[in-house]
Structures are given as structure tokens and as C-alpha cells.
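Report on the structure given below.
There are 2 protein chains.
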Amino acid sequence: MFRRFVYLTTVVVLIAAIVAACGRSKEEAAPAPAKADAAAAPAGNLPAAAMQIAQARGLTPDDIDAALKTYTPSGKLDEYYMFASGGHSGNLIVIGIPSMRILKNIAVYTPESWQGYGYGSVESEEVLDEGNVKGVKIRTGDTHHPALSETNGDYDGQYVFINDKTNARVAVVDLRDFETKQIVKDPNVISNHGTTFVTPNTEYVIMGTQYATPLGWAYAPIELYKEKYRGVITLWKFDRASGRIKPEESFSIEVPPYWQDLCDSGKLASDGWGFCNSINTEMATGGVEEGKPPFEAGVSQRDMDYLHIFNWKNAEAAVKAGKAETINGMRVLRMKAAVDAGALYLAPEPKSPHGADVTPDGKYIVVAGKLDPHVTIYSIDKIKKAIADKKWEADPFGLPVLNFDAVKHAQVELGLGPLHTQFDDKGFAYTSLFLDSAVAKWKLGGDDPAAYQLIEKLPVQYNIGHLASAEGDTVSPDGKYLVAINKWAVDRFAPVGPLLPQNLQLIDISGDKMKVVYDLPLGIGEPHYAQIIKADKLKPWNVYPKVGWDPITQAPSKFATKAGEEKVVRNGNNVEIFMTAVRSHLTPEHVKIKKGDHVTWHITNIETAIDATHGFQLGGYGISLSIEPGETTTIKFDAVNDGTYAYYCTEFCSALHLEMMGYMLVEP
Amino acid sequence: MFRRFVYLTTVVVLIAAIVAACGRSKEEAAPAPAKADAAAAPAGNLPAAAMQIAQARGLTPDDIDAALKTYTPSGKLDEYYMFASGGHSGNLIVIGIPSMRILKNIAVYTPESWQGYGYGSVESEEVLDEGNVKGVKIRTGDTHHPALSETNGDYDGQYVFINDKTNARVAVVDLRDFETKQIVKDPNVISNHGTTFVTPNTEYVIMGTQYATPLGWAYAPIELYKEKYRGVITLWKFDRASGRIKPEESFSIEVPPYWQDLCDSGKLASDGWGFCNSINTEMATGGVEEGKPPFEAGVSQRDMDYLHIFNWKNAEAAVKAGKAETINGMRVLRMKAAVDAGALYLAPEPKSPHGADVTPDGKYIVVAGKLDPHVTIYSIDKIKKAIADKKWEADPFGLPVLNFDAVKHAQVELGLGPLHTQFDDKGFAYTSLFLDSAVAKWKLGGDDPAAYQLIEKLPVQYNIGHLASAEGDTVSPDGKYLVAINKWAVDRFAPVGPLLPQNLQLIDISGDKMKVVYDLPLGIGEPHYAQIIKADKLKPWNVYPKVGWDPITQAPSKFATKAGEEKVVRNGNNVEIFMTAVRSHLTPEHVKIKKGDHVTWHITNIETAIDATHGFQLGGYGISLSIEPGETTTIKFDAVNDGTYAYYCTEFCSALHLEMMGYMLVEP
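Now the structure itself:
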């Protein structure tokens with residue numbers, strides 16, 4: 000332990016003045032918002048001055064309405080959070096609604112320097128390393144479908160899950176601190192897509208494969224596609240208490256190499272069931288370079304693909320009864336065992352569908368056939384009846400294919416390229432039309448197939464992929480807002496070179512007519528899917544519960560260091576540093592080591608004030624940390640080079656922030 | 000070269016239909032914006048309906064004005080770009096004004112997966128590797144001060160430069176494609192801060208050290224601080240034609256270990272000069288753990304620090320005359336040589352200043368003493384006169400310290416914690432007050448010291464660091480907009496856990512009173528400084544000029560591959576792949592290799608339509624690319640594992656995007 004330094008009288012006075020001025024917590028320092036007590040606008044028409052501003056900027060009456068519907072003044076909080084995947088950014092983007100401002104970019108599969116994720120902190124490196132593949136360090140990903148944890152089919156605001164399509168992984172993010180806690184890698188498949196979707200009480204996180212491969216990351220020639228290549232639907236068991244997926248309690252259902260696409264979980268009337276569609280029942284294997292049809296053609300030959308209908312409760316029972324085979328540590332219910340257990344069926348679905356979305360009451364499944372102008376609505380009652388009646392034929396793998404007419408409830412023609420469907424609180428559904436660049440609003444007809452009808456189409460700019468409405472895939476959608484996740488922006492924003500942002504358009508769906516009210520350029524990723532949750536369902540921490548906190552275990556860290564107990568411990572050429580950070584100094588300020596030393600360095604941010612985060616970078620060693628109030632973190636490295644290196648707080652924390660530094664002196 | 004595949008009749012029909020539907024360029028596909036022809040709002044008061052929206056959301060009359068000043072409807076472009084550093088995100092953030100939307104996050108020092116920067120593309124890895132330190136791979140940074148290239152002291156929209164404080168590096172970003180082209184590493188110092196600032200015609204990019212270290216990345220005990228530790232001001236020579244810094248034509252001026260802080264370049268009246276302030280003329284060396292005053296106290300003992308005044312034209316002449324010493328390949332003008340050349344002077348400045356900012360006419364330098372309530376205004380004429388009159392004393396290193404009263408022109412008391420100053424077109428200056436959490440507007444008094452006066456203080460939320468006004472550090476500021484770069488957000492936004500975003504507030508400075516009109520949560524970095532440029536000064540490309548383009552050399556790539564010329568070339572266990580990407584297939588679709596092969600893989604995006612970017616990820620190998628229209632890129636890796644791996648387009652490019660994939664088959 001170091002001796003505490005003794006202040007000289009003049010220094011005491013100086014420090015006292017500085018602490019008084021800038022050491023106070025920012026809540027105290029913050030002036031009261033000037034407009035907090037200002038009266039709301041008077042009734043009647045807006046003042047002519049406002050009108051002049053609108054005219055000078057060329058705003059139309061619709062623009063004025065849109066501005067007033069979305070503008071969120073300083074200190075007023077957004078009503079909803081949207082959790083959007085970042086696509087090949089490998090992360091998860093949190094956006095406030097209606098302001099459409101990016102509130103956080105949660106690092107998941109890719110390192111993020113500002114958050115200190117994957118730049119040396121042992122905690123984050125360990126999470127990322129869980130996702131390595133056969134010894135290859137993977138530090139990127141392709142996130143597609145976030146799933147908020149649910150209780151009784153409604154978002155509960157506790158966790159959010161997100162997949163990596165490229166490497167068939169699933170991650171867990173804790174919404175107390177909006178940080179990634181776990182990455183699991185499926186040991187048998189290389190790619191997923193219908194991932195993540197949760198069962199109504201988050202018993203399982205559902206993962207469906209996309210591109211079929213030989214199970215177990217194995218090699219097999221493409222000529223053996225039908226024989227050797229497979230997909231799986233993996234049910235990752237989630238343990239809410241520990242906030243972790245338990246791979247040992249998880250299992251997979253083997254499925255044919257049909258390229259499963261999107262999935263959804265049943266709920267209420269369809270509780271216990273799950274649905275995944277597929278796009279390559281042709282089992283095309285490509286080879287354009289050898290004169291064969293390219294995948295885009297080969298995969299699109301048949302008029303019908305297969306909706307995969309699985310019963311995870313039956314599958315779970317079969318696995319518990321020992322019917323599964325263990326492959327690379329994962330219990331896999333082979334196709335025959337799944338069929339025998341009544342856990343796996345197929346139903347025809349129109350041409351290359353994208354979304355399979357269950358209605359809020361759980362009674363219907365909406366499939367959007369992307370090369371078909373319709374959405375097709377299936378009834379869970381009809382599915383159950385067709386199963387009971389054994390109205391099926393076998394596919395080439397022996398899976399029962401239910402009779403299409405027996406399970407189809409209704410079809411609605413919407414337009415070109417229907418992809419994905421969400422719901423509101425008034426009995427309407429909203430489907431994205433990729434080729435039309437439009438959102439189709441249509442009426443759910445309940446029991447009456449004839450009552451399903453197209454209501455309205457709204458052009459969007461441009462090439463909408465998924466869409467998300469407020470709590471729109473839960474048992475109780477909110478309506479009000481819908482976001483069109485458009486893939487192309489083209490001419491919508493000031494140009495930034497050949498790589499353009501996406502365009503996320505906020506649509507007001509509260510009235511009779513849909514209205515685009517905001518265009519958000521999204522240039523930090525490419526969202527595929529998003530979920531929108533009422534903000535008051537989340538109860539995030541604003542500081543960690545206790546000083547000396549380990550954010551991965553969400554418990555006190557054994558490396559926590561208190562003020563006055565900082566130390567450097569040497570054991571041979573192993574050096575262990577216990578450091579504290581507080582406005583405005585790091586203790587110790589000199590770290591004296593030798594070239595070749597193995598360094599383990601713990602830093603505790605001993606602040607308890609909201610927003611009093613300290614960053615940490617060390618020159619020449621590629622390290623970047625973000626240490627939030629109360630957090631303890633650790634870095635490890637070898638002192639491969641001698642020299643004199645500065646380390647310092649990278650987060651502008653106080654007037655004397657630039658002085659919050661130290662030297663690492665590495666003797667040759 | 001592969002045989003082209005022969006379409007079967009049915010496939011031809013299908014493909015034709017798909018191409019007709021989705022292969023067209025998105026400009027054609029895009030519906031005309033619905034509101035393009037709508038009339039602007041009528042004169043007079045706003046309709047009562049708009050008023051009802053405002054009332055329902057609790058908007059005050061000021062909020063309504065702010066909404067109408069900032070809301071930017073779909074397809075209307077922002078008037079200004081702001082280039083903000085990302086701090087310890089290591090990047091550069093482009094924000095549109097007045098909408099305050101993030102248009103792009105330019106990856107500079109840290110990999111960015113969505114942009115395919117640093118995830119396997121050889122071109123980006125080579126740029127990043129330029130910034131490695133003694134063999135240590137550095138993939139993070141701490142960007143502080145962007146500098147747009149200038150012609151005659153005005154932004155010209157061609158390039159932007161940005162520093163990395165942690166490793167004393169400077170990067171070049173080309174504004175034709177908004178991508179990083181070069182990183183240079185100072186071979187003698189570890190840390191910079193007064194970086195980057197350009198001379199009026201971008202002859203040089205100015206870099207000033209922050210934390211002093213022994214030159215040449217050497218080791219020296221802290222006890223030898225005064226003898227061995229030094230700073231430098233490096234003048235990086237920029238060659239506009241090649242778009243590159245030329246290290247061999249660059250040079251450094253050695254300066255004392257005073258912890259130089261911010262710098263600015265002279266212009267017009269002060270052309271040829273540069274100014275850096277400093278915060279540790281005490282030469283405090285810390286050691287709180289040994290009972291010594293911590294840096295925060297040690298550095299803050301003296302009432303006056305030193306403004307460094309350098310003449311880069313005199314320094315350049317001395318270097319050309321052979322007066323420099325070459326250290327680690329960099330020509331360094333030692334302190335004595337610099338003094339002898341009339342290239343280096345000091346002037347006292349009040350307590351621990353932050354910004355040193357030159358007025359638009361170049362006549363005055365404004366120094367904000369962050370532990371002093373004043374800004375101090377120096378006159379270049381008085382500086383020149385004091386030099387001519389030899390009104391100086393020597394500092395401990397023999398540098399001339401000009402007499403304070405001889406060079407000081409005026410002082411204005413503004414408030415607590417003045418940091419940084421910008422200018423408008425009406426003769427006002429704006430200074431951030433960190434401790435007051437306010438922006439001070441004050442009048443420049445020209446020749447009359449008594450005419451300098453405080454006009455107004457506007458509270459901001461909270462703890463403002465730098466600020467940026469439109470073209471506010473050029474010879475002709477625009478006024479109109481100012482952005483307060485606030486370091487703390489505290490209660491301004493919906494909570495996202497212990498790590499909070501920053502709060503960038505847009506302030507309307509066009510009227511008599513300053514008004515906050517927008518709060519932007521910034522959760523992807525921590526901007527320190529920003530520059531704001533009129534949007535029409537930039538002429539970015541929207542596709543690369545020619546198919547088969549190398550974005551690093553900005554010239555045709557020798558690895559460009561045309562449709563029909565794709566191939567796989569094997570030479571022993573070296574495999575070279577030449578691939579094309581176009582909606583909706585990658586050619587070849589099978590890459591058959593063996594475990595242990597060394598793979599070099601070139602991909603050309605043969606699209607010419609705006610926004611037709613293709614992404615590329617390869618399972619199990621950690622690779623992520625973004626290949627913009629026309630771009631050719633290369634990856635290299637060893638096939639360390641056998642197995643069957645999917646690669647695919649990660650950018651949702653067409654209705655058959657999911658089918659745009661292939662298999663890499665790695666035989667054991």
C-alpha cells in the first residue's frame with residue numbers, strides 16, 4: 000500500500016478550490032433546465048413567428064406536423080426504445096422514439112473502443128473469446144434479429160438477445176447496464192438466421208440455421224449436399240436468475256438442408272409451437288462458375304417452399320427421454336426422432352418466404368412469400384387438426400408435409416416483395432414490400448378468411464427490409480409508431496461517398512392514414528430487424544450497485560481496490576497493479592516495470608456519481624477501457640518494449656482531466 | 000476462367016423476372032417522394048391541428064421554434080456537415096446540421112466491421128499497420144482535433160486530418176469517399192494533443208505533443224524529467240496531389256517538457272506563425288503513491304504557463320539549411336537551433352489554458368485559461384514588436400519568454416473554466432465555460448482593448464468541452480450555428496445504463512440571443528473538437544470512378560476482375576481467387592481449397608449504381624468487408640481449419656440477397 004501524499008499548505012488550498020469547483024457530482028453542478036417551468040404553448044394557432052421559420056425552411060404543413068410529433072426538447076425523454084440489430088457491424092443499436100436519436104450502440108460481437116469492449120479488458124475479451132471458432136479469434140459478426148426477453152408473451156425489459164448470422168452465435172445483453180454478458184456458439188452449424196426469437200416466458204432462445212452445412216463444422220463435398228448437409232433449430236435454454244444461456248441444458252432439432260429463414264415463437268393459442276420458413280427446398284447447390292444455375296436461380300425454382308412447424312415442448316420431452324444424440328456436446332434430436340415425437344412438421348408456403356410472424360393472439364401465422372405478391376395466413380387450429388387428421392405426405396427426409404389447403408386460412412395480395420409483418424392494437428397488420436418500397440397496412444379478419452384485406456400502401460424511401468411496430472410482435476402491441484427499416488437511402492441525405500447509410504423511417508400509425516414523420520440516416524450498421532419497447536419497462540442502473548463491481552458476474556469483484564489501498568505487487572517477472580481512478584487522478588501515477596514483465600493491471604473507478612465514467616488508454620500497447628462509476632476492470636499484457644509510456648483518462652471528466660495521467664516506465 | 004452457366008428455359012424466365020423487378024438501379028426503383036410537389040406552408044399562423052400536437056407533447060413556444068428550425072424532411076439535405084472527433088472511439092463522426100443526424104462514422108484508428116475496415120481487407124490493414132508501434136499492433140486511438148484542409152485559410156472540402164492522442168499519430172481522410180487513406184506515427188514522441196491544425200494552404204498539418212517523454216520512444220527514469228523528457232511541434236508536410244503526408248519532408252521543433260496543449264495556426268496577419276499553449280510549466284512529475292502531489296495539483300501551482308509561439312517558415316528555412324538533427328528518421332530542430340532561427344518564443348499565459356484560437360483576421364490569439372476566469376487576447380503585432388524589441392527573459396531551456404504586458408492586448412472575464420473559443424461573422428467570439436456549463440458570447444474589440452466585452456452567457460447541459468461554430472475557425476466564419484460539445488448528459492436522455500452518451504447541443508446564434516435548439520445524444524464516441532463546413536463545398540463521389548477501383552491508391556486496381564473473368568489460380572499451396580459481386584450472386588460460388596492453403600482472395604463489386612454496395616463475411620474466419628460500387632478489395636488468410644464455410648453478401652442488396660452466397664469447402 001502506498002503512503003498517502005502529504006499536501007503542502009498552498010497545495011491544499013488549490014486542491015480544495017478545484018474540488019469545490021469541479022469535484023462535485025454533476026447532478027449538483029447541473030443548472031436547472033431553463034425551460035422546465037416554462038408554460039406549454041397556448042391553445043389556438045401557432046404564432047406567426049413559428050410560421051415564418053417554417054416558410055423560410057420550405058416546410059409543408061405535413062412537415063410541420065412531423066416536426067412537432069418527433070422533436071424532443073432537452074431533458075424530455077423518449078417514449079420508446081428501439082433495439083435494432085447492426086447487421087455486419089456486429090452490434091445492437093438503441094434508438095429513442097419518437098426522436099429517432101441513437102442512444103447507445105451496444106458492442107456485442109465486434110470490439111468497440113469507446114466502450115472499452117475488446118481492447119484489452121480481460122472481462123470483455125473473455126466474452127468475445129467464447130465465440131471463437133476452432134481457435135480462430137472472431138471479432139466481427141452479422142447481427143440480424145434482436146429478441147427482448149418476455150414474460151407471458153410481453154417484453155419484460157430485462158434482457159435482449161441477438162444472433163450472429165455468420166458464425167451461428169447467440170449473445171446475451173443485460174439491460175441493467177446495456178452490456179454484453181455472454182456469447183454462445185452452436186457447435187454444429189456455421190450460419191444462423193431465424194435467430195433470436197424467445198418462447199413466451201423466455202424459457203428458450205430460438206435459433207434456426209440458414210445455410211446448411213455438414214453438422215459439426217465438418218467438411219463434405221458439395222456433391223453430398225442432400226446426404227450430408229443439414230440445418231438445425233436450436234433451443235438455447237435461458238436461465239433468468241444467472242442471466243446466462245446454459246448450453247448443457249440446450250438442444251437442437253435436426254432439419255433438412257432447406258435454408259431455414261425467419262422463425263417466430265408461438266404464444267397463447269400456439270404456445271409450445273414455433274415456426275420457421277425456408278427458401279431452398281430445391282436444395283440447390285450453386286456452382287455458377289461451372290455452368291450451373293447460380294444460387295439466386297437455383298433456389299427460386301419451386302413455387303412452394305416449406306414452413307417448418309415445431310413443437311418445442313414435445314421436443315424437450317423427447318430429449319429428456321433420451322431420444323437425442325450428442326454431437327460436439329450438443330444434444331441433437333435427429334429428424335426421425337423429432338418426427339416420432341410429434342415435434343416436427345412441414346407445410347407448403349409460397350415461393351421463397353421471408354417472415355413467419357405470429358399474430359398477437361397466437362392463432363395465426365403470417366408468412367410473407369417474397370417472390371409472391373401475397374401474405375399467406377395459417378391457422379394454428381387448422382394445423383393442429385391437420386396433424387390430428389394426419390393430412391400429410393412425406394418430404395424426401397420423411398418429414399410430414401401437411402396439406403396446404405388444410406392449414407391455409409387466408410391470403411391477401413399486397414404487392415411486390417412482401418417480407419415481414421408486424422401488428423398494432425387495432426387489429427391491423429403491417430407488411431414490408433421490398434420491391435414496391437412500401438408498407439402495406441391490412442386488416443386481420445379473425446375467423447373469416449374473406450375479412451382479411453389490404454387497407455393502404457405507404458411509399459417509403461427506399462427498399463424496406465424489415466419493419467417494427469411498438470411492441471408489435473408481443474401479445475399486446477401498442478400501435479402508434481412503426482419504423483420502416485429501409486436498406487437503401489440513395490438521395491435522402493447529404494452525400495458521404497460511395498458507402499451510404501440506411502434510412503430508418505418513423506411512421507405515425509396512430510391515425511387513419513400512415514404518415515412518414517422522420518428519416519434517420521443509419522451509418523453505423525445495417526439493421527435487419529428491431530423491437531420497440533415502452534421505455535418505462537426498463538430499469539437500468541445509472542451507476543453500479545457497489546464500488547468495485549465486476550460487470551460480467553454482476554457481483555463485487557475480487558480485484559476491487561479502495562482509495563488508499565492501491566499497490567504494485569511484484570512476483571518474479573509477474574507484476575500486479577491495483578489502481579484507483581477518481582476525479583482527477585489515477586493512483587499510482589508511476590508504474591515502474593521491466594521489459595519482459597507480465598503485467599496484470601486492475602483499475603477500480605471509485606466514483607459513485609452518475610456519468611462519472613473514466614476512460615483509460617495506454618500509449619504503444621493498444622489498450623482502451625471505459626470504466627463506469629463503481630466498475631473494476633483488468634488488463635493483462637507483456638511489456639514487450641521498453642520505453643516511457645503515458646496512460647491517462649480518456650473521458651473528459653473534470654477541469655483537470657488532462658492532468659489525470661501517469662507514466663509507465665519500462666526499463667530495458 | 001469459368002464457363003458461364005447456361006440457363007435452362009424456365010430459369011431464364013425466372014431470372015428475367017427477378018432482374019426486371021429488383022436488378023434495376025435503385026434510382027429507377029425509387030418512387031418519387033410523395034411530398035416533393037406539395038406546397039410549402041401557407042402564410043400566417045399554423046393550423047390549430049399543429050398546435051394540438053404541440054400541446055399534447057408539452058412543447059413550449061420555444062420548443063416549437065426549435066423543432067421547426069431543425070426538422071429536416073425526407074430528401075431535404077442538411078446545410079452543413081460537422082466533422083467531430085470520436086475521442087477514444089478512435090474515429091471521426093460526420094453529423095448533419097441543422098438536423099443533427101449522424102451521417103457517417105468514419106473509421107480511422109479502430110476497425111469498423113460495417114465499413115469492412117480492419118477486418119481482413121488488405122488495403123485497410125495496411126493503413127492501420129502504418130500506425131503500429133514497435134511491432135505492437137495498435138487498433139485503437141483517441142481522436143481529438145479534426146482539421147479540414149484549407150485554401151487561403153478557408154475550408155476547401157478536400158481532406159480532413161485527425162490525430163490520435165494516445166500514440167502521437169495523424170491520419171488523412173479523403174473526402175471524395177470519406178475513407179481513411181494514411182496513418183503516420185511520430186517516431187519520437189508518445190502522445191499528442193494540439194493536433195491536427197493546418198496552415199492556411201495546408202502546406203503542413205501541425206502536431207503538438209501533450210505528455211512529455213524522452214525523444215525516440217526511449218526509456219528514462221522520471222527523476223531525469225527536466226534533462227531527458229521533451230515535447231515536439233511536428234510540421235507534417237502534406238502533398239495535396241497524392242493526398243499523402245510525406246514524413247521525409249516533415250520536421251519537428253523540439254520544445255520543453257511543458258505538456259503542450261492546444262495549438263492553432265496563424266493566418267492572414269499572422270500567416271507563417273503558429274501557437275500552442277501549455278499546462279505543465281511546473282514540470283511536475285506526479286507520484287501521488289510516493290507522497291508527492293498528484294499531477295492535478297503539481298501541474299496547477301503556477302499562476303502563469305507559457306504560450307508557445309513558433310514561426311514555421313523560419314523553422315522550415317532552418318531545416319532546409321541543415322540545422323536539424325535527424326532522430327529516428329525525423330528531422331528535429333533542437334530548441335537552441337529553433338531559437339537561433341527566430342522560430343520559437345514563449346509568452347506567459349494565465350493558469351493552465353486550454354484553447355489558443357486565432358481570430359478570423361489573424362490579428363489576435365485568444366487564450367482561455369481554464370483555471371482563470373478570463374480569456375486573454377494577444378496581438379500578433381505586439382508579439383512581433385516584442386520580438387523585434389527583444390523584450391524577453393530566458394526560460395530554463397534558453398527560450399525567450401516575451402514580456403506579458405508587451406504582448407497582451409486585452410482580457411475579458413467570462414466565468415469559470417473557459418476552454419475554447421470560436422468566432423462568427425458579426426465580430427463575436429464564443430467561449431466554452433466548462434465549470435459554469437455555459438457558452439459565453441463576447442465582443443471582439445479590434446484595436447481597442449476596452450471594447451472587448453462579455454455580451455451573454457447561455458447555460459448548456461452539461462460540462463461543455465469544446466464548441467464549434469459554422470466555419471468558425473476560418474478566415475470567414477458563417478455564424479448561424481454553434482454546437483456545444485458537452486461532456487456529460489446526466490439526465491438529458493432516456494437511461495442506457497452506467498455509460499452515458501455525450502450531449503451535443505445545437506445553438507442558434509443567428510439572432511440577438513443564443514438559443515439551444517437541439518440535444519443530440521452521442522453514444523458512439525466522445526467528441527473533443529469539431530469543424531463545421533458548408534455542405535456545398537464537398538463533392539463526394541457516389542460510386543467509384545471506374546469499376547475495379549482501389550480506394551487506397553484512388554486508381555484502378557491491378558486485381559480488378561470483370562464479369563466472365565473470374566478464376567481460381569492455384570500455385571502449390573497458394574490459392575488466388577478473383578471474384579465478382581453483383582446483384583444477386585458472387586462468382587465463384589464454390590471455393591474448393593485444402594487445409595493449410597495460403598489464400599489470397601480479390602473481390603470486385605462490378606455494380607455502377609449508387610448505393611449498390613455488397614458486404615462480405617466468411618464464417619469461421621473473422622472477415623468482414625464492405626465493397627462499394629466499383630471497388631476491388633483483397634483478403635488474405637491461411638486455411639487453418641478444414642470444414643464447410645458459408646460466405647455471403649451482408650448488405651441487403653436485392654430481393655434475392657439471401658441467395659447471394661457461396662461455400663468455401665476446405666478439405667482436410
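Taken in order, these protein sequences are the chains called A and B.
So that you can map any letter, position 390 of the first sequence is 389 in numbering that gives the first Met the number 0, and since no number is skipped, the others follow by simple counting.
So that you can map any letter, position 292 of the second sequence is 291 in numbering that gives the first Met the number 0, and since no number is skipped, the others follow by simple counting.
Heads up, the beta-carbon is just placed ideally off N, CA and C, and yes, glycines get one too.
Values in this document were obtained by computation on a predicted structure and should not be read as measured data.
Check: With distances taken between CB atoms, is the gap from Asp-128 (chain A) to Gln-616 (chain B) smaller than 8 Å?
Finding: no
Next item on the list: Please list the partners that Thr-150 (chain A) has in chain B, where partner means a Cβ-to-Cβ separation under 8 Å.
Entry: Neighbours of Thr-150 (chain A) on chain B: none; closest Cβ ~21 Å, over 8 Å.
Notebook entry, point to check: For chain A, is any of its Cβ atoms less than 8 Å away from the one on Glu-178 (chain B)?
Noted result: yes
Note to self: Please classify Leu-521 (chain A) as buried or exposed, where buried requires at least 16 neighbouring CB atoms within 10 angstroms.
What the structure shows: buried
Item checked: Limits of the unbroken alpha helix (DSSP H) element including Gly-464 (chain A) -> Unbroken run through Gly-464 (chain A) is the beta strand (DSSP E), 463–468; no alpha helix (DSSP H).
Note to self: Would you say the beta carbon of His-597 (chain A) is closer than 7 Å to some non-hydrogen atom of the ligand FAD?
What the structure shows: The model on display carries no ligand, and the ligand FAD is accordingly not part of it.
Note to self: So for Gly-22 (chain B), helix, strand or coil by DSSP?
What the structure shows: Note that Gly-22 (chain B) scores a pLDDT of 35, beneath 50, so its modelled location is shaky; the value from the coordinates is reported in the next line. Three-state DSSP puts Gly-22 (chain B) in a helix.
Notebook entry, point to check: Who are the Cβ neighbours of Glu-281 (chain A) in its own chain at under 7 Å, not counting the five residues just before and after it?
Noted result: Gly-297, Val-298, Gln-300, Arg-301
Check: Going straight from the alpha carbon of Asn-310 (chain B) to that of Cys-275 (chain B), what length do you get?
Finding: 11 Å
Next item on the list: Measure from the C-beta of Gly-89 (chain B) to each C-beta in chain A and report whether the shortest distance is under 8 Å.
Entry: yes
Margin query: Buried or exposed for Val-546 (chain B), going by 16 or more other Cβ atoms inside 10 Å?
Written below: buried
Item checked: Buried versus exposed, by CB contacts within 10 Å (16 or more), Asn-604 (chain A) -> buried
Notebook entry, point to check: By the criterion of Cβ-Cβ separation under 9 Å, what are the contact partners of Ile-212 (chain B) in chain A?
Noted result: Before going on, a small fix: residue 212 (chain B) reads as Thr here, not Ile. Here the neighbours are Gly-618, Gly-642, Thr-643, Tyr-644, Ala-645, Tyr-662.
Next item on the list: Would you kindly work out how many angstroms separate the C-alpha atoms of Ala-342 (chain A) and Asn-485 (chain A), rounded to a whole number?
Entry: 36 Å
Checklist line | Tyr-662 (chain B) versus Val-598 (chain B) - alpha carbon distance | finding: 15 Å
Next item on the list: Figure out for me which residue from B:Ile-532, B:Leu-418, B:Ser-277 has the closest Cα to the Cα of Pro-145 (chain B).
Entry: B:Ile-532
Notebook entry, point to check: Hey, which unbroken runs of the alpha helix (DSSP H) at 4 residues or more fall wholly within the segment 384–426 of chain A?
Noted result: 403–406
Note to self: Within a Cβ cutoff of 6 Å, which residues of the same chain sit near Pro-667 (chain A), ignoring the five residues on either side of it in sequence?
What the structure shows: Lys-594, Asp-641
Notebook entry, point to check: Can you name the start and end residues of the alpha helix (DSSP H) that Thr-69 (chain B) belongs to?
Noted result: 60–69
Next item on the list: Give the straight-line distance between the Cα atoms of Ala-534 (chain A) and Thr-473 (chain A), rounded to the nearest whole angstrom.
Entry: 15 Å
Checklist line | Beta-carbon spacing of His-408 (chain A), Pro-372 (chain A) below 8 Å | finding: no
Margin query: According to DSSP, is Ser-436 (chain A) part of a helix, a strand, or is it coil?
Written below: coil
Check: Does DSSP classify Ser-653 (chain B) as helix, strand or coil?
Finding: coil
Checklist line | Spatially closest choice to Pro-256 (chain B) from B:Ser-249, B:Lys-236, B:Ile-278, by CA coordinates | finding: B:Ile-278
Item checked: Minimum Cβ-Cβ distance from Arg-168 (chain A) to chain B less than 8 Å -> no
Margin query: Looking at chain A, is there any beta carbon in it that lies within less than 8 Å of the beta carbon of Thr-586 (chain B)?
Written below: yes
Next item on the list: Taking only the alpha-carbon atoms, compute the straight-line gap between Glu-125 (chain B) and Glu-564 (chain A) and give it to the nearest angstrom.
Entry: 44 Å
Next item on the list: Kindly say whether Phe-44 (chain B), judged by its beta-carbon, lies nearer than 8 Å to any beta-carbon of chain A.
Entry: The question names Phe, but residue 44 (chain B) is Asn in the sequence shown. With 8 Å as the cut-off, Asn-44 (chain B) counts as an interface residue toward chain A.
Item checked: Closer than 8 Å to chain B by CB, Trp-708 (chain A) -> What is shown of chain A runs 0 to 667, which leaves residue 708 (chain A) out entirely.
Next item on the list: Identify which residue in B:Gly-242, B:Ala-337, B:Lys-75 has its Cα closest to the Cα of Trp-324 (chain B).
Entry: For the record, residue 324 (chain B) in the displayed sequence is Glu; it is not Trp. Comparing Cα-Cα distances from Glu-324 (chain B) to each of B:Gly-242, B:Ala-337, B:Lys-75, the minimum goes to B:Ala-337.
Margin query: Please confirm whether Leu-498 (chain B) has its beta-carbon closer than 8 Å to some beta-carbon of chain A.
Written below: yes
Check: Touch check for the segment 404–419 of chain B and the segment 453–466 of chain B: three-plus C-beta pairs under 8 Å?
Finding: yes
Note to self: Which residues of the segment 509–523 of chain B have a Cβ closer than 7 Å to any Cβ of chain A? Give them in chain order.
What the structure shows: Val-515, Asp-518, Leu-519, Pro-520, Gly-522, Ile-523
Checklist line | Val-374 (chain A) to Val-459 (chain A) span [Cα, whole Å] | finding: 19 Å
Checklist line | Whole-angstrom distance between Thr-201 (chain A) and Asp-304 (chain A), CA atom to CA atom | finding: 29 Å
Next item on the list: Quick one: grab the DSSP three-state call for Pro-520 (chain A).
Entry: strand
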